């Protein structure tokens, strides 16, 4: 602290001198980590918002005022709306597959008359047994299935299980990615 020389009755300390700057001041930097918004960021954000609005699966005309106003029409044409007749549901189909190369043997038959569906399918399982399912479905009883399984008619020889050869040496690992 430096004292000023004044009269003996009225003395007070001199104000301290400001320290000399060691380097020019550093200007503030924008935050890092991609938080600074650029014009391209705003463009992408608006484009994504527009794309999401176009992907709305409902028609907004029923829930909000119309976004596009059409010119007034002087005369309206009256269109008669005709409901399509509903065809009576009736069908029948069947198919079968017998592939000796893969062992895929199966069949299905189904018929529908109104709301009643009846059918059957069968398949040969890997152990050689045959599974047969008879099913019906209607509005009153719902879906019902009865499963029958028959014993294998022949013994299927399984293919021998092959085991991998033991590893003798490992390849060197690459550490210079």
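Residue numbers (the UniProt record's numbering): 1 to 177. Cβ atoms here follow ideal geometry from the backbone N, Cα and C, with glycine treated the same way. All values reported here derive from a predicted model rather than from experimental measurement.
What does the Cβ neighbour count give for residue i, buried or exposed, with the cut at 16 atoms within 10 Å?
{"i": "residue 124", "result": "buried"}
{"i": "residue 3", "result": "In this prediction, residue 3 scores a pLDDT of 49, lower than 50, which makes its location untrustworthy; the coordinate-derived value is nonetheless stated afterwards. Per the 10 Å Cβ criterion, exposed."}
Assuming residue i contacts residue j (C-beta within less than 8 Å), just tell me the rounded distance between them.
{"i": "residue 113", "j": "residue 90", "result": "5 Å"}
{"i": "residue 92", "j": "residue 107", "result": "Their Cβ separation, rounded to whole angstroms, is 14 Å, which puts residue 92 and residue 107 out of contact at 8 Å."}
{"i": "residue 120", "j": "residue 99", "result": "No, residue 120 and residue 99 are not in contact; Cβ-Cβ is about 20 Å, not under 8 Å."}
{"i": "residue 130", "j": "residue 150", "result": "5 Å"}
Among residues of its own chain, excluding the 5 on either side of residue i, which ones have a beta-carbon nearer than 6 Å to its beta-carbon?
{"i": "residue 137", "result": "117, 143"}
{"i": "residue 148", "result": "132"}
{"i": "residue 96", "result": "107"}
For residue i, which residues in the same chain have their Cβ closer than 7 Å to its Cβ, ignoring the five residues on either side in sequence?
{"i": "residue 82", "result": "none"}
Could you tell me which of the options sits nearest to residue i, measuring between CA atoms?
{"i": "residue 88", "options": "22, 149, 115, 120", "result": "115"}
Find out if the Cβ-Cβ distance for the pair residue i, residue j is shorter than 9 Å.
{"i": "residue 94", "j": "residue 110", "result": "yes"}
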